[in-house]
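Please read the structure below before turning to the comments.
Residue numbers (our numbering), protein chains in the order written: chain P, -12 to 167; chain E, 2 to 369; chain S, 15 to 548.
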């Protein structure tokens, strides 16, 4: 360290100058915005989240959904690849015999415990049937109970992919125990 | 009205002014802290709390905070010392509050034939009193750390105590220079001294402490920030990331520790104002009106002069608070050992040096 | 013995050994599908190609026997190219079924594809479709599309069981495995075709979709289904408890033992483990007063049982040991009986249903350790009563306290009503066993014991071969191994301290019982050892 830096006080003043400059410049912009009605002057870069939203990236990993066949049944064949690869052990599948021997196997139960999920997207990568995707654009699914974080096959099947701008097209699935 | 009732009323008024001033400033500082940091960082800051849709730039947030803390569970750890645990936050807040009592917020006012000095308590050794009260704050912190029955809390309390003691020593030593220059321990006298002009061709500058004792000012401010245990000296607790002495506290008891920090900030700002920024002095304002060095003059009534003084004091304290906030949101945190080295090997020897140099200069001055 | 060189390493192998077996001794694996050491050689799959000497064409290793001075190479470029081509042929009509196939994870097609596969497929035509999910019998289900026509299953039914239910039908790439008309794959060894099927063509109906095989863990064990003592592996799933309806033991697989069962086990043994995770398991010790049953802790019930056992005169007590129990349990029980001087001890309770027997593996005696009980000596003491005599004496109220271990006396060959009467007449009935049965509801004291997969121990099979079984899963509830229950009761009765492990008991057993002399867990290893011939 140079002597000036070792002495510290000078550097403190330099730092204070930077922050104070920000303070006064921003204060001026705020004043121009609120007092003098200059709406183009913005003193902050904050996005006021629930009212204001930035577009999501197309690659965003959001709430999972189960892809449907044409008849509405899940494309999933309960191969357990996602369950196996899941680092959080948050997928619970129970396989059952499908009446059609060409399909053979289907998930009688397909639960994702979103309270455990780490949104790594491995399940999507591992799926050999393209039966699970994370493209709903839904990010708000908090719950007041652990039970409410467990999403069942029926819920996941009902979800639609997000629109081209990343906005969700299905309503946020609200568990029974959660008052919105 | 009996003279006794008048006296009581005057005494009550003085105390009430100080109490309301300090408490409101403390509460307001939580808002200032949020908003000032936000403006400094290109953010908006807390603005969601509203009453009937009225947001008032987030001014209701301190209220919402208080409401939240009052309604939260007041948790008592199973093996905690019940009495000390409950007492600790009160001790912390109490000593921070009463420290302000000796700081004068205005000149002497004539009320009903009485001379009323505008400070809560008139003490001829006011500095020592303030100093003593600030030091007693250590007990609250230590009690909290000890009574929590938690090793981390205890260690946090130890760190806080070590920090506060190293800061108090530097504060005391740096104030000594001020007391020597103005020849008194009475705060009122010190402020009066700061109203006089400097010497020689510098007579247009008032003799504020910051001019006569610049080194002491820097030392006092640094040690003062350390005494409030706020950034950059917040290693005793470190709001979210360091486990500190109030780790076991919740609800309003936790809130009181936070409040003690803010009140201490106001006290340090008040002391800085009184000792270094001329207290209630307004430049060129004499007892009967403005007298500018270039000869112009403006005669004012006595109550107006006093009112101007009180206003100046409040403004100066607010400015000092703003500056303390600016520092708090600019500097990164010291490590424990760095702060100790700064306190004992930096601030303390320098403040002693300041006393020695001041003494030598004063001797030379008087004998000349 | 002919001496030959495989991949530069010299080996001497007995005449008649084929090249796959000779290479295996050197630790060299020659990939193969149709060859099985227990079956005749078919040469169907052509995967085991190796280069021999200067022969320009690779040849199949399974059907060539070792010869003096032979030079075999298994990893040359030509061999690898051949394997790749053959794998391509095998996979031409193989569906991409792995996600739904139960074999996935233990499939030799997957394993060799990863090693020798042609990763850029050249097949563009529609694959041939064949029947899928066809049940062949009670245990086996066929997916003809996945079959590579190695014919192992056909040869098994022809050569091992001699029943010949299976054959290969149609021609060319339409060939498929199937049942002869009017037949069903229901011989008592039918499920072995699942084990030998190298692909997912034949899978287990019982195990179907139950657990993915990569979730399974294994423990070596012995089948408790009859006195043959087939060596098995217990496959259990603890990682994903929501699979298989929470049942931990997922399946049993045969384990090779040249002296006992070779590669096979019977279906009865394979599917005879269901009682382990059955709802009828006894979970907690219980004490019954009048009609009320109270579940208690071991610390409470052990002194009570000990007190009851010492309250009666030895002649008033009967003990019915079980040949289902391990040698360690039986040995401690004998010690306890001798300690108390109880003369009325027996372990033979004839079953009402007479057991079937054949010349392959199945024995009529459905108990795994009858020989052990005989050798350790749990028959009636001089002047004591046998099992039947005990029950008769109980009816006449000469026996007042009966300790039944595992037996369901109501299913014995004796008249049920007489047995009920005997149980009712008892002053004190102690039942020790893993599952609730006909005796347990009327017992005054119920002691839940661990099943054989929940503990370790040894069984002696009908030939007197002592074989170890290992612990796979933890006991359910508060169940304890039989030796620990008996040991604790013995401890309460002043028989000496409870041995710490089953191994320590076996050590004492080997020191005390002549037939077991010289044996120890270390000595028994995986394959077991016969007892000393008397």
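Backbone N, C-alpha and C define an ideal beta-carbon position, used for all residues, glycine too. Since the structure is predicted, the reported quantities are computational estimates derived from the model, not experimental observations.
Contact set between residue i and chain E, taken where Cβ atoms lie within less than 8 Å
i                      : result
residue -3 of chain P  : Correct list: empty, because the minimum Cβ distance to chain E is about 12 Å.
residue 9 of chain P   : 40, 41, 42, 43
residue 17 of chain P  : 40
residue 111 of chain P : Result: empty, since nearest Cβ-Cβ is about 34 Å, beyond 8 Å.
Whole-number beta carbon distance between residue j and residue i, since they are thought to touch under 8 Å
i                      : j                      : result
residue 150 of chain S : residue 341 of chain S : That belief does not hold up - the Cβ atoms of residue 150 of chain S and residue 341 of chain S are roughly 39 Å apart, past 8 Å.
residue 191 of chain S : residue 158 of chain S : 6 Å
residue 280 of chain E : residue 273 of chain E : Wrong, their Cβ atoms sit about 10 Å apart, outside the cutoff.
residue 248 of chain E : residue 154 of chain E : 5 Å
residue 418 of chain S : residue 297 of chain S : At roughly 19 Å, the Cβ-Cβ gap does not stay under 8 Å, so residue 418 of chain S and residue 297 of chain S are not in contact.
residue 90 of chain E  : residue 263 of chain E : Not a contact, Cβ separation roughly 13 Å.
residue 74 of chain E  : residue 256 of chain E : That pair is no contact at about 13 Å.
Extent of the continuous alpha helix (DSSP H) run through residue i
i                      : result
residue 352 of chain E : 349 to 368
residue 38 of chain E  : 4 to 41
residue 6 of chain P   : -4 to 21
residue 311 of chain E : 303 to 329
residue 141 of chain E : 127 to 148
residue 92 of chain S  : 91 to 105
residue 206 of chain S : 206 to 210
Segment limits, beta strand (DSSP E) that includes residue i
i                      : result
residue 183 of chain S : 180 to 183
residue 25 of chain S  : 23 to 26
residue 217 of chain S : 216 to 218
residue 232 of chain S : 231 to 236
residue 358 of chain S : 358 to 360
residue 459 of chain S : 459 to 462
residue 281 of chain E : Residue 281 of chain E -> no beta strand (DSSP E), and no H or E assigned at all.
Beta carbon of residue i nearer than 8 Å to that of residue j
i                      : j                      : result
residue 506 of chain S : residue 378 of chain S : no
residue 502 of chain S : residue 316 of chain S : yes
residue 40 of chain S  : residue 25 of chain S  : yes
residue 133 of chain S : residue 105 of chain S : no
residue 164 of chain E : residue 230 of chain E : yes
residue 224 of chain S : residue 256 of chain S : no
residue 72 of chain P  : residue 104 of chain P : no
residue 456 of chain S : residue 366 of chain S : no
residue 180 of chain S : residue 193 of chain S : yes
residue 318 of chain E : residue 267 of chain E : yes
residue 167 of chain S : residue 211 of chain S : yes
residue 304 of chain E : residue 192 of chain E : no
residue 217 of chain S : residue 117 of chain S : yes
residue 160 of chain P : residue 128 of chain P : yes
residue 80 of chain S  : residue 29 of chain S  : yes
Residue i burial status per 10 Å Cβ neighbour count (16 or more: buried)
i                      : result
residue 167 of chain P : Low confidence applies to residue 167 of chain P: its pLDDT is 47, below 50, so where it sits in the model is not reliable, and the reading given next is rough at best. With fewer than 16 other Cβ atoms within 10 Å, it is exposed.
residue 147 of chain E : buried
residue 244 of chain S : buried
residue 178 of chain E : buried
residue 547 of chain S : exposed
Chain-ordered chain P contacts of residue i [CB-CB under 9 Å]
i                      : result
residue 144 of chain S : Correct list: empty, because the minimum Cβ distance to chain P is about 11 Å.
Residue i: contacting residues in chain P (beta-carbon distance under 7 Å)
i                      : result
residue 339 of chain E : Per Cβ cutoff of 7 Å: no residues; residue 339 of chain E is ~10 Å from chain P at best.
residue 331 of chain E : 2, 3, 6
residue 166 of chain E : What residue 166 of chain E touches in chain P: nothing, since even the nearest Cβ is about 22 Å away.
residue 256 of chain S : 79, 81
Partner residues on chain S for residue i, Cβ-Cβ distance less than 7 Å
i                      : result
residue 88 of chain P  : 146, 147
residue 82 of chain P  : 223
residue 116 of chain P : 113
Contact list for residue i against chain S, beta-carbon separation under 8 Å
i                     : result
residue 68 of chain P : 113
Chain-ordered chain P contacts of residue i [CB-CB under 8 Å]
i                      : result
residue 327 of chain E : 3, 6, 7, 10
residue 214 of chain E : Residues of chain P passing the Cβ test: none, with the nearest at roughly 16 Å.
beta-carbon residue i near the ligand ATP non-hydrogen atom, thresh 7 Å
i                      : result
residue 395 of chain S : In terms of ligand content, the structure shown is empty, and the ligand ATP therefore cannot be addressed.
Per-residue contacts from residue i into chain E (C-beta, under 7 Å)
i                      : result
residue 139 of chain P : Correct list: empty, because the minimum Cβ distance to chain E is about 34 Å.
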